[in-house]
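Chains as they are written, first to last, in the working numbering: chain A, -17 to 287; chain B, 2 to 194.
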């Protein structure tokens, strides 16, 4: 009896309070709006996750065919330097946000974490792969790089790796060709606008063809003077970031570049041997520098694939 | 408006409450005793505190009536509010929940003898309600909550999942581990005695 009385007291108290305080049920829109916001946030995080995957995929596909022998001691050290940490971090953060959002939907708690995490991962990776296949990874990386001076696009990273004259690498384009009777000299302007008096006597026909297009190229060689800046060119490679190249194109390009440098190395070795046999004290030996540059030595240890 | 509350489902009363405020009284009548017992079991012992918390639960339920998802059972929904309000109360009063079982002999026997979830953990100890209460006080909160809902409130896995907002699979795991921990605590108690 006492319990029943207390019960009805509570009922009265609650109903009175509802009336006195004019308590009203919140509108249905509050809840459907909240649900809508959570799903929208999930959608946005999934899109960002997919974009991060697209750019990361572009970097991985592009970089596995990079001519890393020219810039690094090993593929590992190269990979550590060029991995897209920013996008990998964004991908992880987006996945965590997506999981958080899914768990906060009306029925999200019913699914185990691994299912929510797995579905978010699969969706982002699938979406990212589609975006990558549509060329979004390359375009976004390039556009963001142009838009923001702080964003390390792959093009900027490649420029940074190759614009190191003291290490025998230059990025730029041919400006003036002055062919002399003994040595071939051209003027090559790097991306910083510095003009190098460049000796191209050791270049092969294909290198000269690339140079003469006037397009942006990479040069491998040795710095031979500071004032005025002088460079001894050993090989010329095309720039690879004007447009998105296919995997097949990149693979063939890499194979061709390696074969060229390897062949060049063999030719130079033969020339040196021939010169020693003839016991000539020729000034041309001074010009045969390419066989001795670090990258060519490294290539000598690697069989041509 | 007089409505024979026994003939209507919770969901129908909720729908009615949205147009006739006083219908909410039927909900209070139906759930007051159940929720009072529940919050008492999960640790709110003082009758005044119980009354305050119950009032908060029903006010909150009324305010959020439109968020009630009809794919859930209404009882799960209101138990969830009760659970959350009890947690808020602990936080506000900075106390750890301590169980106070309002259980009859059958309920205690139920938890002791059931082979569900963990056949190897079936209890073979002769214990009484007081010992169970003490042991439940000693196990982790997350296990205590599910054991109380399962064995004292007789809720199904799906309902516990909806009340605690955890996946149904996790409910099974928590019950299994909870019973194991309870078993260990009871064993330790026997040794101490």
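Even glycine gets a Cβ: it sits at the ideal position worked out from N, Cα and C.
By the 10 Å Cβ neighbour count, where 16 or more other Cβ atoms means buried, how is residue 128(A) classified, buried or exposed?
exposed
Is residue 157(A) helix, strand or coil when you go by DSSP?
If DSSP states are grouped into helix, strand and coil, residue 157(A) belongs with the strands.
Evaluate the contact criterion for the segment 27 to 43 of chain B versus the segment -11 to 7 of chain A: three or more CB pairs, one atom per stretch, below 8 Å.
yes
Chain B contacts from the segment -11 to 1 of chain A (Cβ-Cβ distance under 9 Å):
-11, -10, -9, -8, -7, -6, -5, -4, -3, -1, 0, 1
Counting only beta-carbon separations shorter than 7 Å, does residue 86(A) have a partner in chain B?
no
Could you tell me if residue 83(A) is buried or exposed, where buried requires 16 or more neighbouring beta carbons within 10 angstroms of its beta carbon?
buried
Whose CA, out of 37(A), 76(A), 146(A), 180(A), lies closest to the CA of residue 157(A)?
180(A)
Length of the line joining the Cα atoms of residue 37(A) and residue 138(B)
53 Å
So what does residue 146(A) bridge to, in DSSP terms?
151(A)
How many angstroms separate the CA atom of residue 106(A) from the CA atom of residue 50(B)?
About 49 Å.
C-beta neighbour in chain A for residue 154(B), strict 7 Å:
no
Would you call residue 11(A) buried or exposed, if buried means 16 or more other Cβ atoms sit within 10 Å of its Cβ?
exposed
Interface residues of chain A facing residue 64(B) [CB-CB closer than 7 Å]:
For residue 64(B), the residues of chain A that pass the 7 Å Cβ criterion are 5, 7, 8, in the order they occur in the chain.
Residue 18(B) to residue 5(A), Cα distance in whole Å?
Linking residue 18(B) to residue 5(A) through their CA atoms gives a straight-line distance of about 13 Å.
Label residue 164(B) either buried or exposed according to how many other C-beta atoms from any shown protein chain fall within 10 Å of its C-beta, with 16 as the threshold for buried.
buried
Closest residue to residue 67(B) among 22(B), 15(B), 59(B) (Cα-Cα distance)
15(B)
Interface flag, residue 173(B) vs chain A, CB-CB below 7 Å:
no
Please classify residue 225(A): does DSSP put it in a helix, a strand, or coil?
In the structure shown, residue 225(A) sits in coil (DSSP, three-state: anything other than H, G, I, E or B).
Hey, residue 216(A) and residue 241(A) are a contact pair by Cβ (cut 8 Å); roughly how many whole angstroms apart?
Incorrect: roughly 15 Å between the Cβ atoms, too far for contact.
Can we say the segment 74 to 81 of chain A touches the segment 99 to 113 of chain A, given the rule of at least three CB pairs closer than 8 Å?
Yes: the two stretches touch, three or more of their Cβ pairs being nearer than 8 Å.
Under 9 Å Cβ-Cβ, which residues of chain B neighbour residue 82(A)?
The contacting residues do not exist; residue 82(A) stays about 14 Å from chain B at best.
Suppose you measure from the CA of residue 45(A) to the CA of residue 61(A); what does that come to, to the nearest Å?
8 Å
Does any CB atom of chain A fall closer than 7 Å to the CB of residue 33(B)?
yes
Taking Cβ positions, are residue 144(B) and residue 175(B) nearer each other than 7 Å?
Taking 7 Å as the Cβ cut-off, residue 144(B) and residue 175(B) qualify as a contacting pair.
Residue range of the unbroken beta strand (DSSP E) whose run includes residue 180(A)
Its beta strand (DSSP E) spans residues 177 to 181.
Can you check DSSP and say which residues form a bridge with residue 28(B)?
According to DSSP, which records beta bridges pairwise, residue 28(B) is partnered with nothing at all.
Which two residues bound the contiguous alpha helix (DSSP H) that contains residue 18(A)?
10 to 45
Report the neighbours of residue 52(B) on chain A: residues whose CB is nearer than 7 Å to its CB, in chain order.
-8
Among 218(A), 229(A), 182(A), 112(A), which one has its Cα closest to the Cα of residue 293(A)?
The structure shown does not extend to residue 293(A), since chain A spans only -17 to 287, so no value can be given for it.
Could you tell me if residue 119(A) is buried or exposed, where buried requires 16 or more neighbouring beta carbons within 10 angstroms of its beta carbon?
buried
Buried or exposed: where does residue 255(A) fall if 16 or more other Cβ atoms within 10 Å of its Cβ makes it buried?
exposed
If you draw a straight line from the C-alpha of residue 190(B) to the C-alpha of residue 63(A), how long is it?
60 Å
Taking C-beta pairs closer than 8 Å, name the residues in chain A that residue 179(B) reaches, listed in chain order.
Chain A residues near residue 179(B): none, gap ~18 Å exceeds 8 Å.
Could you pull out every unbroken beta strand (DSSP E) segment of at least 3 residues lying fully inside the segment 189 to 228 of chain A, listed in chain order?
Qualifying beta strand (DSSP E) stretches, in chain order: 199 to 207, 212 to 220.
Counting only Cβ pairs nearer than 8 Å, list the residues of chain B close to residue 225(A).
None at all; the shortest Cβ gap to chain B is about 48 Å.
Rounded straight-line distance, which links the Cα of residue 144(A) to that of residue 196(A)
18 Å
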